[in-house]
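A.B. asks:
2 protein chains.
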Amino acid sequence: MNMSGIKIALDVYGGDLAPDVNIDGAILALKGLKDLEITLVGKKDEINRLLEKRGFASERLSIYDAPDVFGMAEKPSQLLRKRNSSLFKTAELVKKNEVDAMVSAGNTGGVLVAGLFVVGRIKGIERGAIAVPISSKRGFTVLLDCGANLEVRPGHLRDFAKMGFEYARILGKESPLVGLLNVGEEEEKGTELVKEAFGMIKEALGETFVGNVEGRDILYGNVDVVVTDGFKGNVAMKTIEGTAKFIGDLLKMHIKQAGILGLLGGLLLKGAFNNLKKSLDPRIYGGAFILGVKGVVVKAHGNSDALAISNAIKVACNGVKGRLVEKLEARFGSE
Amino acid sequence: MNMSGIKIALDVYGGDLAPDVNIDGAILALKGLKDLEITLVGKKDEINRLLEKRGFASERLSIYDAPDVFGMAEKPSQLLRKRNSSLFKTAELVKKNEVDAMVSAGNTGGVLVAGLFVVGRIKGIERGAIAVPISSKRGFTVLLDCGANLEVRPGHLRDFAKMGFEYARILGKESPLVGLLNVGEEEEKGTELVKEAFGMIKEALGETFVGNVEGRDILYGNVDVVVTDGFKGNVAMKTIEGTAKFIGDLLKMHIKQAGILGLLGGLLLKGAFNNLKKSLDPRIYGGAFILGVKGVVVKAHGNSDALAISNAIKVACNGVKGRLVEKLEARFGSE
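Listed below in structure tokens is the structure:
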């Protein structure tokens, strides 16, 4: 960690709305955080033009040239062959310790490969995991893995539990409670794999481990970290998204059907509805961490806008300030 | 199927609120459906007393004695040793063709065992599945398996797809679209198991199979049946439940925070909110089918009230009228 300030590399050509939102997001973040330095990674000339257009200049902003783009639909493994892509170059800056952290809204699989194979894994951690903080009854709950490992072994789930615990602490939970996603709360529930993981997590975390939790507990249980494989985590995360959208539509429909009183009620509650929407907005968390990587790697949502990118940059800063990588290294190295 | 009317056996001692809600639910159903006959299975004397207390008598209502109760927390496999339990006896009536269908709000695993081992499986179907219709953008979407098989083989998922299709038709969808739950829409996504299942379902269903769907599609996609293993189905189902509860709480909180205007708006929208709640109420579907069983077996929610039990009985009637078992037998027998 650079002591003069936090240095973040931003993959300017990652994301559905790249490059504009990334540049706007970077400007927003620089305005908000005074100890932040950003390296914009991508097509140098174009980035210069885009900055000029915005009339923005800062000595805390630099550009690192990367002529290629790694597309949103490309096969993740292909990243290692696209060494001139902005995503690859961004990860390389982390690897070379020229920056403290990276942010990309690009291809999820690609960012994962960038983290695991370009930046590299922390010693003692066999599998990296995508950890996503989701709005919940507890403020937020960290769900992991959200898609890095579709199949796991029990020891991987134990490692996810340990990583999720440290991550939740950095996000502000003093003593996070960790649960294992299962089909019921009783210890004997689940597959052999999950039962074995239960024992291993209990041994690793002690009282911090609350045992098995169910799908409803992700948003509505007394747990801060929910551990599962990347298939179930991905399904759960997207199921939450679909459910929220569906309920939003239903609410609008029922208000519309309530006629003139509904219209009036809707107007009176406009602020409340907007606040509800904000509470559920995945952008407030800015992004997911690729945990287990020897560097702070934040994946922003593919359709991030400038605010989401700025938040993802803040999240990356917190990871650096909270010394996430060092804490994970200490925890996994000591065993 | 008995041509004089539909005969349903009801496990009076199943469910968190047994026996009262089951008796009230049966009475409600008898009042609503004139061609229905119900056999109440359980402690004869007590049931008689409960009926007397309600002043209800009908020649379409009979009692079948079962002195034991299979508890909500008992190990499912133990059911086969509790041959005098109301659940076992209820299933036996289906097996012996003395009734057309059964309904129980009891222990899910127990009802599954009752279906698979007391009533018995349909020839050609290796695994039974719990199919749950869930309120969605499409009116409802059938999710299966919701917990009968935590681990599956590709052929099981293909069978679930075929069963789910027939079930959705009986529930009123003319040409249901079937999707396979995955982490992305592209055909090459997922584990080897899921990829193999993809090919098998495509071969079995043809155009009816829309391919891979994601968690968000369960409530918000263009699909009527979502097929997955019992672990992921259970997680998704409960995640929807938790998300709906959390959003409900958030909505209340934001309205409260809006002060006097919020209070007024809330009053004006009371009807709309009630309708929203109703749209999401799992009770409207009454219960889940245990598919693959040689009889109509409906599992009502453990905390069902009388309305939910009555709806579960109606669902069972629809299964009988729709000739679900015969259709599945024809479909699986012909191959």
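Here the protein sequences come in this chain order: G and X. According to UniProt numbering, the residues represented by the first sequence are 1 to 335, in order. According to UniProt numbering, the residues represented by the second sequence are 1 to 335, in order. Where a beta carbon is used, it is the ideal one built from N, C-alpha and C, also for glycine.
#1: For the beta strand (DSSP E) containing X/Gly-179, name the first residue and the last one.
#2: When the Cα atoms are used, what is the spatial distance from G/Ala-300 to G/Ala-101?
#3: Would you verify that the beta carbon of G/Gln-257 is, or is not, closer than 9 Å to some beta carbon of chain X?
#4: I'd like to confirm the pairing. Which residues does DSSP put opposite X/Tyr-167 in its beta bridges?
#5: Closest Cβ-Cβ distance between G/Asn-2 and chain X: below 9 Å?
#6: Determine whether the beta carbon atoms of G/Phe-70 and G/Asn-107 lie at a separation below 9 Å.
#7: When burial is assigned at 16 or more other CB atoms within 10 Å of the CB, is G/Ala-168 buried or exposed?
#8: Less than 9 Å between the C-beta atoms of X/Gly-179 and X/Val-235, yes or no?
#9: Just checking G/Lys-189 against the ligand COA - is the residue's beta carbon closer than 8 Å to any of the ligand's heavy atoms?
#10: Is X/Glu-37 helix, strand or coil when you go by DSSP?
#11: Just to confirm my understanding: we take X/Arg-158, look at its own chain, exclude 5 residues before and 5 after, and list those with CB closer than 7 Å. What are they?
#12: Report yes or no: is there a C-beta of chain X within less than 9 Å of the C-beta of G/Tyr-220?
#13: Could you name the residues of the stretch 233-246 of chain X whose beta carbon sits closer than 8 Å to any beta carbon of chain G, in the order they occur along the chain?
#14: In whole angstroms, what is the alpha-carbon distance linking X/Leu-65 and X/Thr-141?
#15: Check whether the Cβ atoms of G/Val-103 and G/Ile-309 lie closer than 9 Å to each other.
#16: Can you check whether the C-beta of X/Phe-70 is within less than 9 Å of a C-beta belonging to chain G?
#17: Quick test of the definition: if touching needs 3 or more C-beta pairs under 8 Å, does the stretch 207-224 of chain X touch the stretch 216-227 of chain G?
#18: The beta strand (DSSP E) with residue 362 of chain X in it runs from where to where?
#19: G/Lys-137 touches chain X at which residues, Cβ-Cβ below 8 Å?
#20: Identify the continuous beta strand (DSSP E) that holds X/Asp-217 and give its terminal residues.
#21: Residues of chain X with CB closer than 7 Å to the CB of G/Ser-304, please, in chain order.
#22: Would G/Ala-114 and G/Gly-164 be called neighbours here (beta carbons separated by less than 9 Å)?
#23: Bridge partners for G/Tyr-64 per DSSP, in chain order?
#24: Looking at G/Val-12: is its Cβ nearer than 9 Å to the Cβ of G/Lys-43?
#25: Is there contact between the stretch 48-63 of chain X and the stretch 78-96 of chain X, where contact requires at least three CB pairs shorter than 8 Å?
#26: Of all the options X/Lys-75, X/Ile-63 and X/Ser-135, which has the alpha carbon lying nearest to the alpha carbon of X/Lys-277?
#27: Hey, which unbroken runs of the alpha helix (DSSP H) at 4 residues or more fall wholly within the stretch 227-305 of chain X?
#28: Hey, quick one: how far does the beta strand (DSSP E) through X/Ile-134 stretch, first residue to last?
#29: Helix or strand or just coil, what does DSSP make of X/Val-320?
#30: Between which two residues does the alpha helix (DSSP H) containing G/Leu-93 stretch?
#31: Is there a Cβ of chain G sitting closer than 9 Å to that of X/Phe-165, yes or no?
#32: Give the DSSP-derived three-state secondary structure of X/Asn-2 in the structure shown.
#33: What residues from chain X crowd round G/His-301, counting only those whose CB sits closer than 8 Å?
#34: Please say whether G/Ile-313 and G/Leu-33 have beta carbons closer to each other than 9 Å?
#35: Among G/Lys-31, G/Phe-246, G/Glu-207 and G/Leu-263, whose alpha-carbon lies nearest the alpha-carbon of X/Lys-270?
#36: Between G/Ala-9, G/Glu-241 and G/Gly-15, which lies nearest to G/Leu-36 when the distance is taken from Cα to Cα?
C.D. replies: In short:
#1: Locating residue 179 of chain X in the second sequence gives position 179, counting from the first residue. X/Gly-179 -> beta strand (DSSP E) spans 178-181.
#2: Position 300 of the first sequence, counted from the first residue, corresponds to residue 300 of chain G. Position 101 of the first sequence, counted from the first residue, corresponds to residue 101 of chain G. Straight-line Cα distance between these residues: approximately 13 Å.
#3: As a first step, residue 257 of chain G must be located in the first sequence, where it is residue number 257. Judged by the 9 Å Cβ criterion, G/Gln-257 is in contact with chain X.
#4: On the second sequence, position 167 is the one that residue 167 of chain X refers to. Answer is none; X/Tyr-167 lacks a bridge partner.
#5: Stepping through the first sequence from its first residue, residue 2 of chain G is reached at position 2. Since pLDDT at G/Asn-2 reaches only 41, below the 50 mark, its modelled position is unreliable, and no value is offered.
#6: Residue 70 of chain G sits at position 70 when you count from the first residue of the first sequence. Residue 107 of chain G sits at position 107 when you count from the first residue of the first sequence. A contact, by the Cβ cut-off of 9 Å.
#7: Numbered from its first residue, the first sequence carries residue 168 of chain G at position 168. Of the other Cβ atoms in all chains shown, 16 or more fall within 10 Å of the Cβ of G/Ala-168; this residue is therefore buried.
#8: Sequence index remark: in the second sequence, residue 179 of chain X carries index 179 (1-based). Sequence index remark: in the second sequence, residue 235 of chain X carries index 235 (1-based). Contact flag unset, no.
#9: Looking at this structure, you won't find the ligand COA or any other ligand, since it has none at all.
#10: By 1-based counting over the second sequence, the position of residue 37 of chain X is 37. X/Glu-37: strand per DSSP, three-state reduction.
#11: On the second sequence, residue 158 of chain X is found 158 positions in, with the first residue counted as 1. Its chain contains Ala-197, Met-200, Ile-201 and Ala-204 as the residues whose beta carbon lies nearer than 7 Å to that of X/Arg-158, once the 5 sequence neighbours on both sides are disregarded; these appear in chain order.
#12: In the first sequence, the residue the question calls residue 220 of chain G occupies position 220. Interface residue, yes.
#13: Asn-234, Val-235, Ala-236, Met-237, Lys-238, Thr-239, Ile-240, Glu-241, Gly-242, Thr-243, Ala-244, Lys-245 and Phe-246
#14: One-based indexing of the second sequence puts residue 65 of chain X at position 65. One-based indexing of the second sequence puts residue 141 of chain X at position 141. Strictly speaking, residue 65 of chain X in this sequence is Asp, with Leu absent from that position. C-alpha separation (whole angstroms): 37 Å.
#15: Walking along the first sequence from the start, residue 103 of chain G turns up at place 103. Walking along the first sequence from the start, residue 309 of chain G turns up at place 309. Taking the C-beta atoms as reference points, G/Ile-309 is found nearer than 9 Å to G/Val-103.
#16: As a first step, residue 70 of chain X must be located in the second sequence, where it is residue number 70. Judged by the 9 Å Cβ criterion, X/Phe-70 is not in contact with chain G.
#17: no
#18: Any question about residue 362 of chain X goes unanswered here, given that chain X covers just 1 to 335.
#19: Your numbering for residue 137 of chain G matches position 137 in the first sequence. Within 8 Å Cβ-Cβ: Phe-246 and Asp-249.
#20: What you label residue 217 of chain X is simply residue 217 of the second sequence in a count that begins at 1. Not the beta strand (DSSP E): X/Asp-217 falls in the alpha helix (DSSP H), residues 217-220.
#21: Reading the first sequence from its first residue, position 304 is the one you call residue 304 of chain G. Simply none; closest approach about 17 Å.
#22: Here residue 114 of chain G is taken as the residue at index 114 of the first sequence, counted from 1. Here residue 164 of chain G is taken as the residue at index 164 of the first sequence, counted from 1. The beta carbons of G/Ala-114 and G/Gly-164 sit no closer together than 9 Å.
#23: Numbered from 1 along the first sequence, position 64 holds the residue referred to as residue 64 of chain G. Paired residue(s): G/Val-41.
#24: For this step, residue 12 of chain G is matched to residue 12 along the first sequence. For this step, residue 43 of chain G is matched to residue 43 along the first sequence. Yes. Within cutoff.
#25: no
#26: Looking up residue 277 of chain X in the second sequence gives position 277. It is X/Ser-135 whose Cα lies nearest to the Cα of X/Lys-277.
#27: 230-257, 259-268 and 270-280
#28: Here residue 134 of chain X refers to the residue found at position 134 of the second sequence. Run containing X/Ile-134: 129-136, per the beta strand (DSSP E) assignment.
#29: The residue given as residue 320 of chain X occupies position 320 in the second sequence. Correct three-state label for X/Val-320: helix.
#30: Walking along the first sequence from the start, residue 93 of chain G turns up at place 93. 86-95 is the extent of the alpha helix (DSSP H) around G/Leu-93.
#31: Against the second sequence, residue 165 of chain X aligns to sequence position 165. By this cut-off, X/Phe-165 is not an interface position.
#32: The residue given as residue 2 of chain X occupies position 2 in the second sequence. Annotation note: pLDDT 41 at X/Asn-2 (below 50); position unreliable, coordinate value reported separately. If DSSP states are grouped into helix, strand and coil, X/Asn-2 belongs with coil.
#33: By 1-based counting over the first sequence, the position of residue 301 of chain G is 301. Here the premise fails: no neighbours, minimum Cβ distance about 13 Å.
#34: As a first step, residue 33 of chain G is located in the first sequence; it is residue number 33 there, counting from the start. As a first step, residue 313 of chain G is located in the first sequence; it is residue number 313 there, counting from the start. Going by C-beta atoms, G/Leu-33 is nearer than 9 Å to G/Ile-313.
#35: Locating residue 270 of chain X in the second sequence gives position 270, where the first residue counts as 1. In terms of Cα proximity to X/Lys-270, the closest of G/Lys-31, G/Phe-246, G/Glu-207 and G/Leu-263 is G/Leu-263.
#36: Here residue 36 of chain G corresponds to residue number 36 of the first sequence, with the count starting at 1. Looking at the Cα atoms, G/Ala-9 is the closest of the given residues.
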